Amino acid sequence: MHLTEHLKHSPKQSTAKTSQFIQACQDYNEGKIDEGRLVQITKKEGFKYVLDAFHVVNTKAIQERFYDVVNEEFFIDERKFNKGIRLTDNLFKLFYVYDNSAKDLNQETESCWNLVEKAWELNINKNLITVEFDQEFCS
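As numbered in our numbering, residues 18 to 156 make up the sequence shown, in order.
Laid out in structure tokens, this is it:
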């Protein structure tokens, strides 16, 4: 449902010309489909590319991924075998063990998402955007 909210202010949510998932979210916002249908389409289409693309900047994966920084595995990719991912206890611990981590992670994710949306809106070439991880800042 979070993506449906983002679509209301930023209709471009992908570099792909078409996406069944994005179209379903737009259809939901326009009242063309109900939440149950959106959930069905999300299960089938919603996670095909996001895990692989989440850490790709300027056509290559960034060196430090958010889940590598704390040296923990937050999910196990089982898309090839069980058509999904398995969340680990480490993900849930992240929200309870580290002070304010849930709030910070949400803010970081939203910040990155807003940056990408603005770049798509302005048709900024992906080669002009650089994101660097600052280990000292996170210490």
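Here a beta-carbon is modelled for each residue, glycine too, at the ideal position from N, C-alpha and C.
Quantities reported herein were computed from a predicted structural model and do not represent experimental measurements.
Determine the extent of the beta strand (DSSP E) in which Leu104 is found, giving its start and end residues. As a working note, residue 104 is residue 87 in the sequence shown. Residues Gly101 to Leu104.
Rounded to whole angstroms, how far is the Cβ of Trp137 from the Cβ of Lys29, which I believe are closer than 8 Å? In the sequence shown, residue 137 corresponds to position 120, counting from 1. In the sequence shown, residue 29 corresponds to position 12, counting from 1. Rounded to the nearest angstrom, the Cβ distance from Trp137 to Lys29 is 4 Å, consistent with a contact under 8 Å.
Can you tell me which of the three DSSP states Asp94 falls into? Stepping through the sequence shown from its first residue, residue 94 is reached at position 77. Here Asp94 sits in strand by DSSP.
To the nearest angstrom, report how far apart Lys135 and Gln57 are at their CA atoms. Mapped onto the sequence shown, residue 135 falls at position 118. Mapped onto the sequence shown, residue 57 falls at position 40. Rounded to whole angstroms, the gap between the alpha carbons of Lys135 and Gln57 is 29 Å.
Could you tell me the distance, in whole angstroms, from the CA atom of Asn144 to the CA atom of Asp94? The residue labelled residue 144 in the question sits at position 127 within the sequence shown. The residue labelled residue 94 in the question sits at position 77 within the sequence shown. When the Cα atoms are used, Asn144 and Asp94 turn out to be separated by approximately 29 Å.
If Leu108 and Phe98 are in contact, beta carbons under 8 Å, what's the gap, nearest whole angstrom? Looking up residue 108 in the sequence shown gives position 91. Looking up residue 98 in the sequence shown gives position 81. Actually they are not in contact, since the Cβ atoms of Leu108 and Phe98 sit about 20 Å apart, beyond 8 Å.
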